[in-house]
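Listed in order, the protein sequences are those of chains A and B.
Each residue of the first sequence is one higher than the last, beginning at 2 in my numbering.
Each residue of the second sequence is one higher than the last, beginning at 2 in my numbering.
All C-beta atoms, glycine included, are put in the ideal place defined by N, C-alpha and C.
Being a predicted model, the structure only gives us computed values, none of them experimental.
2 protein chains.
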Amino acid sequence: MTRIAESLDTSPDYSAEVVIIGAGFGGLEVAKVLGRAGVDTILVDRHNHHLFQPLLYQVATAALSATDVAEPVRKILRRQASVKVLFGAVTSLRPEAHEVRLRSGQRLRYRYLVLASGAITGYFGHDDWARWAPGLKTIEDARHIRSQLLLTFERAERSNDPEERRKLLNIAIIGGGPTGVELAGAIAELSRYTLARDFRSIDPQATRIMLVEAGPRLLAGFSEELSAYTETRLQRLGVEVLTGKAVDDIQPGHVSVAGISTPVGLVIWAAGVSASPLAGQLGRTDRAGRIAVDECLAVQGHEGVYALGDVAAFKDEDGRTLPGLAQVAKQQGIHLGKGLAARIRERQALSPFRYENRGNTAIVGRHAAVFERDRFRIKGWLAWLAWAIVHVYLLVGFQNRLLVSLQWLWRYLTYERGARLIVGDRPEEVRSEDPGSVRK
Amino acid sequence: MTRIAESLDTSPDYSAEVVIIGAGFGGLEVAKVLGRAGVDTILVDRHNHHLFQPLLYQVATAALSATDVAEPVRKILRRQASVKVLFGAVTSLRPEAHEVRLRSGQRLRYRYLVLASGAITGYFGHDDWARWAPGLKTIEDARHIRSQLLLTFERAERSNDPEERRKLLNIAIIGGGPTGVELAGAIAELSRYTLARDFRSIDPQATRIMLVEAGPRLLAGFSEELSAYTETRLQRLGVEVLTGKAVDDIQPGHVSVAGISTPVGLVIWAAGVSASPLAGQLGRTDRAGRIAVDECLAVQGHEGVYALGDVAAFKDEDGRTLPGLAQVAKQQGIHLGKGLAARIRERQALSPFRYENRGNTAIVGRHAAVFERDRFRIKGWLAWLAWAIVHVYLLVGFQNRLLVSLQWLWRYLTYERGARLIVGDRPEEVRSEDPGSVRK
């Protein structure tokens, strides 16, 4: 049966000169460049929107709405007539046949393939923790964390047991990179300011926020000076910074750090990502699940296959693998898009990619951020302003820029947050955990 | 066992002078008035937000974000120190014990109870249709319809079968009241303008939108003149208006109207609501599931129990039951809140409620609406402007007003919609329904 089906099955459902998998920062740039060059292209993604991930923590902490940080891929590429957008999940790569397959069973044939499928939350072999410690990579993740975060306060308010209330108001964030730091700062401000006067039985200001980092310091990608500043700043907001301490176990309602178990109302996982599993279909991947690419972003051993962004392991001149940053993916996307267009149009060979570091930034709290580019460092209010301007500028779409700017201004003036919605989590999940008071 | 548990179980988890069930337009007004009078009150709702239902169709049609039309109940009542907000689902009323029970098992004791639990989508005995024809009452509903609506276009774009594409671009809306009319107009504009240039294989302008109404005309609550205007206006937008035709059956991918089955990509149910099932725990309800109340909004046969809004059947002087409108619930809430405060503080008797009709409005499309108050009628651009101003004014929260105004202005100028997000519906649901092309 299978053989007959396969043999009948010679014409693909779609074919294009270039197929791009993933509409993140990298894939989208490739599509834009190819679209401007009029190259016949298909861009396939399992979401209908491009997500501006650097602001996702603000959705998770009720500061922005999901629609503020996402833009329909079709709308972004509306004017690129040669680019067709498909909403679908790629399940297998078949580089020998120059085809990819979607979960729907449809097949896309390509001459060149660009794998830009990004990364997913990684639990370093502890996938069972995913259920109790949600990660933050998608809109669904952000809404889920937002609901769980707000539910923690609702649960505490509903409880009649002071001990249980205290436990519920313990929040642990695992991972002291930019996402963990940003979440800790934002949750501290939510509990200290926004929610301060909204409850009658609990005091949200008493929320205990733990930021757990296995390495020796926060923001390992930054200089020690900025790490120290970040730690002090978070501590001033009331965050307990636990560096050099690894998580041993996560259970519902409990987290164990360096051998000590603490009852918690919420655990958020910001400790790591691993590359999209599609990378593994192209060969052996590194520890982070990434596939190696050469200096032109080509995947060795497969003709016409390229990879970039979080899914690719690209080594710079010093032999260091480039980090999983939006600007890396974006620069690679522009470079590869131009290269492929020239190759298709003028049969030119691809040129080597060179990364230009435009600087790293992380937000530490209300008008406090760190910025670093090589030896140039700023921190505090000025870094925050620079961060805000750059991030608004990088948002796709004028409407998003306007709405996000206004919401930041509003929040800055009032400490209010406009997106305090619990949706999809039913209120019966808010219950006293004291078995004596739980009935049918 | 049960008897022992019951006998031990004499002290409630919470008690208050007044318990209000539901934070909709009615319940919220009662809470505000009682809060200002310092009356010890508990407001319980199964959502953490007050929902501005009149704009919910704009969330369902990707024009507004969910957070624009919802405001946390706690935030609204922040300054009412005597009002405690509980997030929970009431499962039973026990008026003889002056108690209500939450699904969590917790019990709330009251001296006065205000039932303001609103309405749910009603399928007139065809509950099996709910799965194929979602209704529009909650944020979840609106997001679900939005995803399904956008998925219909994605499905059609993905299909290689022209016949199937045509079928998928049939959209049926059941019910020609204000919600059905507003949805039909908004979906027509979405397909004619916003999406027009976003697809490569389909032409969204070819979308066939059917508005099905069993009664003789659209907007039965308005005058015949405005019904006729609405019909003409929708037809000009390309909507097929089918009045005097009842739905016989709804199946996945098909709807049967007046004996004729049509293949469809999406069916939306806007044909009716029925009162919250809690009403039935207080006595016999009317056909719409509402409990009768006297001229002071008291439920007969239960001491200290009141009902208002969509859950109550209140007869005006002419013996007509007041319709389920926001303004009815709101006026009743203010009246009852003041009455209860005076009764509790000064032992005054409650006074009869009198409804003052402030006029009805429905939006028919871009700068077109109808407004009617007794013999005063306006239609078209002016009615639309009045509608926009009134609705922005009625939104809770300055931030929401500002954001919604800006988004309307932006949409008016560009035809863009900022909230075209498909979330929670996985792309594998986008599949060709041609069995030949569906594989594992």
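Hey, is residue i's beta-carbon within less than 9 Å of any beta-carbon in chain A?
i: residue 57 of chain B; result: no
i: residue 117 of chain B; result: no
i: residue 420 of chain B; result: yes
i: residue 409 of chain B; result: no
i: residue 89 of chain B; result: yes
i: residue 76 of chain B; result: yes
i: residue 138 of chain B; result: no
i: residue 107 of chain B; result: yes
i: residue 202 of chain B; result: yes
i: residue 82 of chain B; result: yes
i: residue 158 of chain B; result: yes
i: residue 450 of chain B; result: Since the first and last residues shown for chain B are 2 and 441, residue 450 of chain B lies out of range.
i: residue 1 of chain B; result: Residue 1 of chain B is absent from the model: chain B starts at 2 and stops at 441.
i: residue 144 of chain B; result: yes
Mark residue i as exposed unless 16 or more other C-beta atoms lie within 10 angstroms of its C-beta, in which case mark it buried.
i: residue 316 of chain A; result: exposed
i: residue 382 of chain A; result: exposed
i: residue 8 of chain A; result: Bear in mind that the predicted position of residue 8 of chain A carries a pLDDT of just 37, short of 50, making it too unreliable to give a figure here.
i: residue 179 of chain A; result: buried
i: residue 205 of chain A; result: buried
i: residue 49 of chain B; result: buried
i: residue 400 of chain B; result: buried
i: residue 304 of chain A; result: exposed
i: residue 311 of chain B; result: buried
i: residue 435 of chain B; result: Confidence at residue 435 of chain B is low in this model, with a pLDDT of 32, below 50, so the placement of that residue should be treated as unreliable; the coordinate-derived value is given next. Per the 10 Å Cβ criterion, exposed.
i: residue 54 of chain A; result: buried
i: residue 386 of chain B; result: exposed
Give the single residue among the options whose Cα lies nearest to the Cα of residue i.
i: residue 73 of chain A; options: A/208, A/338, A/24; result: A/24
i: residue 314 of chain B; options: B/399, B/329, B/303, B/88; result: B/329
i: residue 61 of chain A; options: A/136, A/289, A/199; result: A/136
i: residue 229 of chain A; options: A/58, A/409, A/368, A/182; result: A/182
i: residue 377 of chain A; options: A/236, A/32, A/223, A/231; result: A/223
i: residue 134 of chain B; options: B/416, B/44, B/174; result: B/174
i: residue 68 of chain B; options: B/177, B/404, B/409, B/416; result: B/404
i: residue 308 of chain A; options: A/12, A/13, A/260, A/20; result: A/20
i: residue 276 of chain B; options: B/263, B/293, B/357; result: B/293
Since residue i and residue j are thought to touch, with beta carbons under 8 Å apart, how far apart are those beta carbons, to the nearest angstrom?
i: residue 172 of chain B; j: residue 266 of chain B; result: 6 Å
i: residue 186 of chain B; j: residue 366 of chain B; result: 4 Å
i: residue 104 of chain B; j: residue 119 of chain B; result: About 17 Å separates the two Cβ atoms, so there is no contact after all.
i: residue 116 of chain A; j: residue 274 of chain A; result: That belief does not hold up - the Cβ atoms of residue 116 of chain A and residue 274 of chain A are roughly 16 Å apart, past 8 Å.
i: residue 216 of chain B; j: residue 244 of chain B; result: 7 Å
What are the start and end residues of the beta strand (DSSP E) that includes residue i?
i: residue 243 of chain B; result: 240-244
i: residue 16 of chain B; result: 15-22
i: residue 88 of chain B; result: 84-88
i: residue 361 of chain B; result: 361-366
i: residue 270 of chain A; result: 267-270
i: residue 275 of chain A; result: 274-276
i: residue 61 of chain B; result: It is not in any beta strand (DSSP E) - residue 61 of chain B instead sits in the alpha helix (DSSP H) that spans 57-61.
i: residue 369 of chain B; result: 369-374
i: residue 1 of chain A; result: Outside the shown range of chain A (2 to 441) lies residue 1 of chain A, about which nothing can therefore be said.
i: residue 209 of chain A; result: 209-214
i: residue 94 of chain B; result: 91-95
For chain B, check one thing: does any of its Cβ atoms lie closer than 9 Å to the Cβ of residue i?
i: residue 51 of chain A; result: no
i: residue 68 of chain A; result: yes
i: residue 73 of chain A; result: yes
i: residue 85 of chain A; result: yes
i: residue 423 of chain A; result: yes
i: residue 161 of chain A; result: yes
Quick one: give me the first and last residue of the alpha helix (DSSP H) that residue i is part of.
i: residue 339 of chain A; result: 327-347
i: residue 154 of chain B; result: 140-159
i: residue 392 of chain B; result: 382-395
i: residue 318 of chain A; result: It is not in any alpha helix (DSSP H) - residue 318 of chain A carries neither H nor E in the DSSP assignment.
i: residue 401 of chain B; result: 399-415
i: residue 179 of chain B; result: 179-190
i: residue 163 of chain B; result: 163-169
i: residue 115 of chain B; result: Looking at the DSSP string, residue 115 of chain B is not in any alpha helix (DSSP H); the run it does join, the beta strand (DSSP E), is 108-116.
i: residue 44 of chain A; result: From DSSP, residue 44 of chain A is part of no alpha helix (DSSP H) but of the beta strand (DSSP E) over 42-46.
Could one say the Cβ of residue i lies closer than 9 Å to chain D's Cβ atoms, at least one of them?
i: residue 336 of chain B; result: This model lacks chain D altogether; the protein chains it does include are A and B.
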